[in-house]
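Working notes for the structure below.
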Amino acid sequence: MSSLRAIAMLLAFSPALAAASTAFTPVVEAGGRATDNAGDRPVQMGPRSAVTANGAAGGRLVFSQPIWSLRLEGLGEYEQYLSAPVRNTGASGAADARWRPDERTYVRSITRGSHTPDRWDPRVPYRLAISAAPGEDLPPFVRVTTTRWSERLMFEQRASEILRMRLSGGVSDTKYDDRRLAGPAGGRFDARLLQGRTVWELGAESLMAARENVEVGLYADGARADYEVTTDAYTGSAGAVMEWTVVERLSFRARTGPDYTTVPGSNLPDRWGYTAEAALVRRWTLAELELSGREGVFLADATTPAARRTDGRFTVRAQPFERLSFEVFAGAGMERSTYERFHATGTARSATAGTSLGWRMTQYLTARAGYQYAAVETTGRSALPYHSNTVFVGLSFTGWSFGQPAPEANP
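Take 597 as the starting number for the sequence shown in my numbering and just add one per residue.
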């Protein structure tokens, strides 16, 4: 159905696309990765090192006019484990449409999708260990076909010189098919350990200029998660929001308010809590710093249904020389199971840190290398700590662009 919808949209907009400026850029990537703990295996299972090689090919197509633009991207991927007779294929794509009909209005739509058929996934045995009997041997992989897609629509209107309104809505869907254990044992496993879900989200904000560089206002958000196996969950939050442009290249945004979570059709009690989010962005001519943190119920990206999550992250990006760039990041989070029925663990704590280095060898060719550390510890019925160290290298070719697009419709 989504393919037919995409074809119908292309046909409807084909006259406008034909009149737009167009540019196409091919992309080819190749790389490798080595880790000392493939699949993030728990300590008692023993680490399992792995080396993989991967390649990808695709392109970027841009249609643009002064008041609108459409960016299409697609990539086909291939992955080969050099330390095991395993290979994976997949494809992903995205569409980013922007429209600015007048100086007070801005509309943006972002669509993403991916499909990996019969993927050998090394990460899921960690989840299987949560419900496994002590000493039970688990396979290094499971096999599953995964399909993901999402759509997010954003609308912003400046109603007056001091009043600005935003509306946003979105849906994301993750579907798993043919879940089974890898290896001679074969067999299927409990779908609750890797269950699909569809999440709908809707939000609104109203901001008023309190000062020249400060806006304050109100927000309201709501979300529904339709889980494949467990009971559907609903959550909503409302409160105050603030945006502060401290100086020209330093901005701060925060919002907070009470939230409410309910699971209709069950005997689980409704839950009240609070949501808080904050983000700080500082930009220089050749560098950028991002700090963010949040607390609340986030149905779209929580691993446990209706769980409360606290997390924070910082990222530094810099280009000290014309051809050299680097990125450093670190983050930590904790997810707390709100309802015991949904998960065997009580909490899950995670931490990650890493760095990457990019060297632009030519106008079209860029080499990359990096390192990442990851760790998780769960508590509850099973205590399953793990940690992993991963290094990677890669080479990307962004080819000659065919065509010359007009300036894109940015806010």
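Idealized CB from N, CA, C, for every residue including glycine.
Check your understanding: With contact counted as at least three CB pairs below 8 Å, one residue from each stretch, are the region 669 to 677 and the region 686 to 705 in contact?
Key -> yes
Exercise for review: Quick one: grab the DSSP three-state call for residue 784.
Suggested key: On the sequence shown, position 188 is the one that residue 784 refers to. Correct three-state label for residue 784: coil.
Point to revise | For residue 814, three-class secondary structure by DSSP | key: Walking along the sequence shown from the start, residue 814 turns up at place 218. The three-state reading of DSSP puts residue 814 in strand, counting E and B together.
Review point. Within this structure, are the beta carbons of residue 839 and residue 884 separated by less than 7 Å?
Key: Translated into the one-based positions of the sequence shown, residue 839 becomes position 243. Translated into the one-based positions of the sequence shown, residue 884 becomes position 288. It is not a contact, given that the beta carbons lie outside the stated cut-off.
Exercise for review: Report yes or no: do the region 850 to 858 and the region 918 to 928 share at least 3 C-beta pairs separated by less than 8 Å?
Suggested key: Contact fails between the region 850 to 858 and the region 918 to 928, because fewer than three Cβ pairs, one in each stretch, are under 8 Å apart.
Point to revise | For residue 692, the residue or residues it bridges with in DSSP | key: The residue labelled residue 692 in the question sits at position 96 within the sequence shown. Answer is 667 and 706, bridged to residue 692.
Check your understanding: How many angstroms separate the CA atom of residue 763 from the CA atom of residue 902?
Key -> Numbered from 1 along the sequence shown, position 167 holds the residue referred to as residue 763. Numbered from 1 along the sequence shown, position 306 holds the residue referred to as residue 902. Approximately 24 Å between the Cα atoms of the pair.
Check your understanding: What's the call for residue 842, buried or exposed, on a 16-neighbour Cβ count within 10 Å?
Key -> For this step, residue 842 is matched to residue 246 along the sequence shown. When all chains shown are included, residue 842 counts as exposed.
Check your understanding: Do residue 651 and residue 674 have their CB atoms nearer than 7 Å?
Key -> Here residue 651 refers to the residue found at position 55 when the sequence shown is read from its first residue. Here residue 674 refers to the residue found at position 78 when the sequence shown is read from its first residue. Contact flag set, yes.
Practice item. Could you pull out every residue in the same chain whose Cβ sits closer than 6 Å to the Cβ of residue 912, ignoring the five residues on either side in sequence? Key: Locating residue 912 in the sequence shown gives position 316, counting from the first residue. For residue 912, where only same-chain residues beyond five positions count, the Cβ hits under 6 Å are 885 and 924.
Check your understanding: Which partner residues does residue 1022 have in the DSSP bridge list?
Key -> This structure leaves residue 1022 out entirely; the chain is present only between 597 and 1007.
Practice item. Please list the segments of the beta strand (DSSP E) lying wholly inside the region 904 to 969, counting only runs of 3 or more residues, in order along the chain. Key: Every beta strand (DSSP E) of 3 residues or more that sits fully in the region 904 to 969 is shown, in chain order, as 904 to 914, 920 to 932 and 941 to 956.
Practice item. Note down, in chain order, each residue of its chain lying with its Cβ closer than 6 Å to the Cβ of residue 759, except the 5 sequence neighbours on either side. Key: On the sequence shown, residue 759 is found 163 positions in, with the first residue counted as 1. Here the set comprises 804.
Review point. Looking only at DSSP bridge pairs, what is residue 839 linked to?
Key: Here residue 839 corresponds to residue number 243 of the sequence shown, with the count starting at 1. Answer by DSSP bridge pairing, in chain order: 811 and 849.
**Study point:** Buried or exposed (CB count within 10 angstroms, at least 16 for buried), residue 793
**Key:** Against the sequence shown, residue 793 aligns to sequence position 197. That one is buried.
Point to revise | residue 972 versus 830, 931, 890 and 955, residue with shortest Cα-Cα distance | key: Residue numbering aside, residue 972 sits at position 376 when the sequence shown is read from its first letter. When each option's Cα is compared against that of residue 972, the closest is 931.
**Study point:** Identity of the residue in 817, 992, 681 and 683 nearest residue 835 by Cα
**Key:** For the purposes of this step, residue 835 is identified with residue 239 of the sequence shown, where counting begins at 1. The residue among 817, 992, 681 and 683 with its C-alpha nearest the C-alpha of residue 835 is 817.
Check your understanding: Who are the Cβ neighbours of residue 797 in its own chain at under 6 Å, not counting the five residues just before and after it?
Key -> To locate residue 797, count along the sequence shown from 1; it is residue 201. Result list for residue 797: 766 and 819, in chain order.
Practice item. Look up residue 789 in the DSSP assignment and say whether it is helix, strand or coil. Key: The residue labelled residue 789 in the question sits at position 193 within the sequence shown. Residue state, collapsed to three classes: helix.
**Study point:** Pairwise C-alpha distance: residue 685 and residue 768
**Key:** Here the question's residue 768 lines up with position 172 in the sequence shown. Here the question's residue 685 lines up with position 89 in the sequence shown. When rounded, the distance between both Cα atoms is 22 Å.
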